[in-house]
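Per my numbering, the sequence shown starts with residue 728, numbered consecutively.
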Amino acid sequence: MGRQTILGRVTQLAKANINALLDQAEDPQKMLDQLLRDYADNISEAEQAVATTLGNLRLLEADHKEDVDAAAEWGGKALAASRKADELRAAGTTADADRFDNLAKVALGRQLRSEQEARTAEPVIAAQTQVVDRLRAGLAAMEDKLAELRAKRDELVYRAGTARAQNTMLDAVESVDVLDPASDLNRFEEKVRREEAMAQGRQELAASSLDAQFESLEDLGRASEIEARLAALKARAA
728 MGRQTILGRV TQLAKANINA LLDQAEDPQK MLDQLLRDYA DNISEAEQAV
778 ATTLGNLRLL EADHKEDVDA AAEWGGKALA ASRKADELRA AGTTADADRF
828 DNLAKVALGR QLRSEQEART AEPVIAAQTQ VVDRLRAGLA AMEDKLAELR
878 AKRDELVYRA GTARAQNTML DAVESVDVLD PASDLNRFEE KVRREEAMAQ
928 GRQELAASSL DAQFESLEDL GRASEIEARL AALKARAA
């Protein structure tokens, strides 16, 4: 069986039923101590997973912003080159005008590629964001569960100590004044109280490697898109 993912373990541990686990344990205090150690270890691992996943997300977001900025920059360069070409052509310098039109086409091609790369990254960023949110929620739930475990352990230790002290006291009371005619009745009453205490005690005890890959970009239709954008630039500049 493959190693369980950190997200799966976080979810499983966060939903753990402490009382059900205690019911199955021969030594509840010992089991709680082990659970505390396991939770602390898994919380540390979950924190590392959240940090790593969040770091990868920030890198994707930075790359996406670079692509968006680059697309805007290349669009501005294409417009500037197209306007220069129109000026030169109006002045009769056809060769230079053609050269600047070619530069505008190159810039439009770069703009198109940057836009496509930005669009490709967007669903990956959305998926990565969901994973980070789930890991963060799971980590918070685990931290709450750890606090619950610690409180349960402290309560159990206190109750065990109290029960031992009560039993010691009851044993001493039973041994006093054995000639007292009511001693048998008192011992029976104390026995009933211990049974009731045991029954109540039993009732109380029962009671974020994700990898993202970019698909290769196809060049089909790019030339026509570039021509269309150049025509739009010239129409806007006219």
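The C-beta atom is built at its ideal place from N, Cα and C for all residues, glycine as well. Just so you know, these numbers come straight off a predicted model, no measurement behind them.
A straight-line Cα-Cα distance of about 36 Å links residue 815 and residue 791. In this structure, the beta-carbon distance from residue 964 to residue 809 falls below 8 Å. Take the alpha-carbon of residue 762 and the one of residue 873: they are about 9 Å apart. If you look at residue 818, you'll find it isn't in any alpha helix (DSSP H); DSSP assigns it neither H nor E.
The Cβ atoms of residue 838 and residue 802 sit closer than 8 Å to each other.
If you compare the alpha carbons of 957, 793, 870 with that of residue 845, the shortest gap goes to 793. 852 is the residue among 852, 919, 881, 955 whose C-alpha sits nearest the C-alpha of residue 780.
Looking at the backbone, the Cα of residue 778 and that of residue 858 are separated by about 12 Å. CA-to-CA, the gap between residue 773 and residue 847 works out to about 29 Å. Straight-line spacing of the CA atoms in residue 828 and residue 812 works out to 6 Å. As the crow flies, the alpha-carbon of residue 776 is around 56 Å from that of residue 824. Pairing residue 832 with residue 957 gives a Cβ-Cβ distance under 8 Å.
If you ignore the 5 residues before and after residue 822, its C-beta comes within less than 7 Å of no other C-beta in its own chain. Nearest to residue 867 by C-alpha distance, out of 767, 760, 759, is 767. Residue 849 holds the alpha-carbon nearest to the alpha-carbon of residue 795 among 849, 758, 877. The alpha-carbon of residue 918 is positioned some 11 Å away from that of residue 925. With respect to the 8 Å criterion, residue 836 and residue 949 are classified as neighbours on the basis of their beta carbons. Of the residues assessed, residue 789 falls on the exposed side of the cut-off, its CB having fewer than 16 other CB atoms within 10 angstroms.
Burial state of residue 818 is exposed, judged by a 10 Å Cβ sphere holding fewer than 16 other Cβ atoms. Distances from the alpha-carbon of residue 770 to those of 954, 927, 962, 871 put 871 closest. In this structure, the straight-line span from the alpha carbon of residue 877 to that of residue 758 is close to 12 Å.
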